[in-house]
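**Q** Its first residue numbered 0, the sequence shown is counted upward by one per residue in numbering that gives the first Met the number 0. Ideal placement from N, C-alpha and C gives every residue a C-beta, glycine not left out. Computed from a predicted structure; not experimentally measured. Take a look at this one; I'll ask things after.
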Amino acid sequence: MVTLYRPGSSLWHLLATGRKALVLAALVLAISLLPQAWGRPTATIPAALCLACYAVPGIGLRVLLGQLVAMRWILIVTAVGQLIFLGPGPALVNTTRIAALISIAALLALTTRTTDLLDAMERGLSPLSRLRIDPQRVALLLAVTLNTVPALTRAAGQVREAQRARSARPSLRRFAVPFLILALKHADELGEALTARGVR
């Protein structure tokens with residue numbers, strides 16, 4: 000299956016998948032529930048938590064920088080929209096919060112093999128079988144979502160880098176067509192992986 004996993008021996012790599020997912024989910028929830036008090040202190044907390052997560056030996060802030068570069072268009076669109084409609088304070092807080100949320104969530108995909116992630120999710124969702132819900136399918140859906148969002152973000156970055164290398168002028172149409180091709184290619188690869196796993 001397509002994955003963003005990076006082999007390593009960091010604390011995040013060594014932590015059991017279930018515990019790691021719970022810790023990261025708790026951090027994401029904590030950042031999401033921060034009070035909506037606009038200002039630097041509210042923006043500092045998500046940024047500090049995100050930096051702490053990536054500062055562990057074996058991960059490094061360079062990986063965080065790579066994540067931020069990959070999601071730069073999402074952050075730019077968010078910041079501009081917030082700036083226009085809500086002003087500078089909310090734009091700073093919300094953009095910082097979104098960057099932290101995506102980066103922290105990405106740690107699960109970066110430090111966990113997809114097979115390990117699926118196994119942990121299946122075990123955690125096993126009580127759903129009593130409600131006649133297939134935990135394997137639900138786990139697979141969650142794992143695919145975790146891997147697809149950053150994969151498409153990286154594809155968008157690749158398109159922009161290729162256009163910049165050719166000195167092409169920014170254009171929605173010139174961006175959309177190659178991005179759509181990469182997205183469809185990713186979907187084909189994902190479909191083949193799911194078929195190989197026996198999912199129809």
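#1: Please report the Cβ distance between A69 and R153, rounded to the nearest whole angstrom; I am assuming they are in contact, meaning their Cβ atoms lie under 8 angstroms.
#2: Which value, in whole angstroms, describes the spacing of the CA atoms of V27 and A104?
#3: Which residues bound the alpha helix (DSSP H) around R71?
#4: Could you give the DSSP three-state label for S128: helix, strand or coil?
#5: Let's test the definition: count the other Cβ atoms within 10 Å of the Cβ of T16 and tell me whether it reaches 16, buried, or not, exposed.
#6: Within 10 Å of its beta-carbon, does I58 have 16 or more other beta-carbons around it, so buried, or fewer, so exposed?
#7: So which of A186, G86, L106 has the shortest CA-CA distance to G64?
#8: What did DSSP end up calling Y4 once you bin it into helix, strand or coil?
#9: Report the three-state DSSP secondary structure of A54 (helix, strand or coil).
#10: Do T95 and A25 have their C-beta atoms closer together than 7 angstroms?
**A** According to the structure data:
#1: 5 angstroms
#2: 7 angstroms
#3: 71-84
#4: helix
#5: buried
#6: buried
#7: The residue asked about is misnamed: residue 64 is Leu in this sequence, not Gly. With distances taken between Cα atoms, L64 lies closest to L106.
#8: coil
#9: coil
#10: no
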